[in-house]
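*Asks:*
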Amino acid sequence: MLAAIAAFASAPVAAQPKPAAADYPNRVVRIVLPQPAGGGTDVVARTIAQKLTDAWGQQVIVDNRPGANGIIGAEAVVKSKPDGYTFLYGFTSMLTINPSVYKSLPYDTLRDFAPITQTVMNQMVLVVNPYLPVRSVKELFALGRSRPGDLLYGSFGVGNQTHLTAELFRLESKLKMLHVPYKGETPAITELVGGQVALMFSPSAGVTPHVRSGRLRMLAVCGERRAPVFPDTPTMKESGFPGVISTGWGGMLAPAGTPQDIIQKTQREVARGLLMADVRERLGSIGADPIGSTPEEFGAWLRAETEKWTRVVRGANLYHSQ
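With the working numbering applied, the sequence shown covers 4 to 325.
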């Protein structure tokens, strides 16, 4: 017995596995953004990427992969190795609306992605090109009634939140408007500024600079309450359309199976960056409210938003695309 104990005591102790985040990151980290460069979502993603670069001493880059309502970028992340070197910067439409709009997707939001943190909340806002002779939702409604079918509204793509929010307005107002979908945020807003479409429901981050420059006119915000950054702009509810409630948001996710200590480390650094005065000032200037939630909170949010938009899609009677 003593010999056995002695033999056991002298046996080499197995090395404990080193935490995945111990030397993470030690090379370039990529954040895939399924939107074109230059829009409000791109500004948020690049702001976060720079703060992570500063904190980690390793370059964090934004890889713009626009197209197909976010599906192209999301699929690229799903196929990536879950090692913490590829993240997804996701948003409302691609994560919680696409599952109800498309018959088949190359990803399942709740199965294929690990939530890291909800980064920002954006007011959805109703904006028009200044050539349109309206300064309120009431005046827009009157114009639409007098010219049925003449109003063209843009969106970031079929089934996108910008499309569905406009559908909420169309259903409640009974206006006859024509939908013009674009391939993402930047071309849609560019065409609205250029006057190719008359109006759009958009996340505030992308249109705020154009509103402040006078190239677009904001008629209403789509939240439950007025936005602190737009205190003089009424809500859609105040404007006579209480059913038009819609809030945009963004968040960071990783491929499912990414080590939890890497997810936790990333969440802490992103949340810390979002608290910095320069970040809050920059994001506030485009109407984005920093959040920095935990992975658990963001996961619960994704589930709730998916259920909500499923009801909206069915209510709008949108078909499932191929």
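Ideal Cβ positions, reconstructed from N, Cα and C, are used throughout, including at glycine.
On a Cα-Cα basis, can you pick out the residue from His213, Gly251, Gly302 and Glu188 that is closest to Pro37?
*Replies:* Looking up residue 37 in the sequence shown gives position 34. For Pro37, the nearest C-alpha among the options comes from Glu188.
*Asks:* Taking just the CA atoms, how far does Gly70 sit from Leu181?
*Replies:* Translated into positions along the sequence shown, residue 181 becomes position 178. Translated into positions along the sequence shown, residue 70 becomes position 67. Rounded to whole angstroms, Leu181 to Gly70 spans 22 angstroms at the Cα level.
*Asks:* Exposed or buried, Gln126, counting other C-beta atoms within 10 Å across all chains shown (16 or more means buried)?
*Replies:* Start at 1 with the first residue of the sequence shown, and residue 126 comes out as number 123. Burial call: buried.
*Asks:* Residue ranges of each alpha helix (DSSP H) run of no fewer than 4 residues wholly in the stretch 195-271, ordered along the chain?
*Replies:* The qualifying runs are 207-216.
*Asks:* Could you say which of Asp45, Ser216 and Val137 lies nearest to Val196 if we only look at CA atoms?
*Replies:* Working through the sequence shown from its first residue, we reach residue 196 at position 193. Nearest C-alpha to Val196: Ser216.
*Asks:* DSSP on Arg114, reduced to helix/strand/coil?
*Replies:* Here the question's residue 114 lines up with position 111 in the sequence shown. In this structure, Arg114 counts as helix in the three-state DSSP scheme.
*Asks:* Less than 8 angstroms between the C-beta atoms of Phe94 and Thr44, yes or no?
*Replies:* Residue mapping note: residue 94 aligns to position 91 of the sequence shown, counting from 1. Residue mapping note: residue 44 aligns to position 41 of the sequence shown, counting from 1. It is a contact, given that the beta carbons lie within the stated cut-off.
*Asks:* Would you tell me roughly how many angstroms separate the C-alpha atoms of Gly302 and Pro109, rounded to the nearest one?
*Replies:* Working through the sequence shown from its first residue, we reach residue 302 at position 299. Working through the sequence shown from its first residue, we reach residue 109 at position 106. In a straight line, the C-alpha of Gly302 is about 20 angstroms away from that of Pro109.
*Asks:* Roughly how many angstroms separate the alpha carbons of Thr236 and Ser83, rounded to a whole number?
*Replies:* In the sequence shown, residue 236 corresponds to position 233, counting from 1. In the sequence shown, residue 83 corresponds to position 80, counting from 1. Roughly 43 angstroms separates the two Cα atoms.
*Asks:* Can Thr238 and Gly251 be called in contact, C-beta distance under 8 angstroms?
*Replies:* As a first step, residue 238 is located in the sequence shown; it is residue number 235 there, counting from the start. As a first step, residue 251 is located in the sequence shown; it is residue number 248 there, counting from the start. No, the Cβ-Cβ distance between Thr238 and Gly251 is not below 8 angstroms.
*Asks:* Whole angstroms are fine: how far does the CA of Ile74 sit from the CA of Gly318?
*Replies:* Locating residue 318 in the sequence shown gives position 315, counting from the first residue. Locating residue 74 in the sequence shown gives position 71, counting from the first residue. Distance between the alpha carbons of Gly318 and Ile74: 23 angstroms.
*Asks:* Taking Asn72 as the reference, which of Gln61, Ile100 and Gln62 has the closest Cα?
*Replies:* One-based indexing of the sequence shown puts residue 72 at position 69. Minimum Cα distance to Asn72 is reached at Ile100.
*Asks:* How many whole angstroms separate the CB atoms of Leu155 and Gly147, which I take to be in contact at a CB cut-off of 8 angstroms?
*Replies:* Position 152 of the sequence shown, counted from the first residue, corresponds to residue 155. Position 144 of the sequence shown, counted from the first residue, corresponds to residue 147. That belief does not hold up - the Cβ atoms of Leu155 and Gly147 are roughly 11 angstroms apart, past 8 angstroms.
*Asks:* Glu170 to Val161, Cα distance in whole Å?
*Replies:* Counting from one through the sequence shown, the residue named residue 170 turns up at place 167. Counting from one through the sequence shown, the residue named residue 161 turns up at place 158. Each residue's alpha carbon lies about 11 angstroms from the other.
*Asks:* Excluding the five sequence neighbours on either side, which residues of its own chain have a C-beta within less than 6 angstroms of the C-beta of Lys268, listed in chain order?
*Replies:* Residue 268 sits at position 265 when you count from the first residue of the sequence shown. Answer for Lys268: Ala24, listed in chain order.
*Asks:* According to DSSP, is Val104 helix, strand or coil?
*Replies:* For this step, residue 104 is matched to residue 101 along the sequence shown. Helix, per DSSP.
*Asks:* Rounded to whole angstroms, what is the Cα-Cα separation between Arg68 and Pro133?
*Replies:* For the purposes of this step, residue 68 is taken as residue 65 along the sequence shown, with counting starting at 1. For the purposes of this step, residue 133 is taken as residue 130 along the sequence shown, with counting starting at 1. In a straight line, the C-alpha of Arg68 is about 31 angstroms away from that of Pro133.
*Asks:* For Gln62, which of Phe90, Arg33 and Glu78 has the nearest alpha-carbon?
*Replies:* Locating residue 62 in the sequence shown gives position 59, counting from the first residue. Out of Phe90, Arg33 and Glu78, Arg33 has the C-alpha closest to the C-alpha of Gln62.
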